[in-house]
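Following my numbering, the numbering of the sequence shown begins with -18 at its first residue and continues without gaps. Right, one structure below, let's go through it.
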Amino acid sequence: MPLSETFTPERFIEFILNHYILALALVVVTYLLIQELFDSALKKFGFVSPLLAVTKMNNGNTVVIDVREHDEFNKGHIETAVNLPLSKIKDHTGNLDTYKNNQVLIICQDGTRSSTAGKIITKAGLKDVFVITGGMQSWQEDYKLPIKVNRKHKAGA
């Protein structure tokens, strides 16, 4: 039987009607893949590993913005990091103008909040923005890089 006879529009519609869950799943997965493709193409910030972040920090003119909440930040953070919690970042976008001429590295606990902060920070006009992959979790556990702990948390830990 020729291929043109097996795949007619009527048979295609019949298949969709008989297997509507599969058809719906195909549509949803296709939509999510296309959305992810557009999101990654339109991102105006990059991703760096903790080791590459250290290299950028050593080159100077780099600011690290830690978007974790204050209590998380106080338990341990990168030495020169500025704490600007994600929950308050939209209220302080005007303060970000200070860093327009810097490379900006963004970090959170595990890397999930950093991407959201990256979108907000690039919308605020900063150009050279990077998210540290894996966040502080990767910084400490995978790469064993140093952190600064506030004194009151050293005694309680």
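All C-beta atoms, glycine included, are put in the ideal place defined by N, C-alpha and C.
Inter-residue CB distance, residue i and residue j (contact presumed, cutoff 8 Å)
| i | j | result |
| --- | --- | --- |
| residue 78 | residue 116 | Not confirmed; about 25 Å, so no contact. |
| residue 29 | residue 101 | About 18 Å separates the two Cβ atoms, so there is no contact after all. |
| residue 62 | residue 47 | 4 Å |
Under 8 Å between C-beta atoms of residue i and residue j
| i | j | result |
| --- | --- | --- |
| residue 51 | residue 128 | no |
| residue 126 | residue 94 | no |
DSSP-derived helix/strand/coil call for residue i
| i | result |
| --- | --- |
| residue 52 | helix |
| residue -6 | helix |
| residue 32 | helix |
| residue 116 | helix |
With 16 other Cβ atoms within 10 Å as the buried cut-off, status of residue i
| i | result |
| --- | --- |
| residue 31 | buried |
| residue 49 | buried |
Chain C within 8 Å of residue i, Cβ atoms only
| i | result |
| --- | --- |
| residue 105 | Going by chain labels, chain C is absent from the structure shown, which holds only one protein chain. |
Rounded C-alpha distance that separates residue i from residue j
| i | j | result |
| --- | --- | --- |
| residue 107 | residue 81 | 5 Å |
| residue 40 | residue 86 | 13 Å |
| residue 123 | residue 70 | 28 Å |
| residue 9 | residue 132 | 50 Å |
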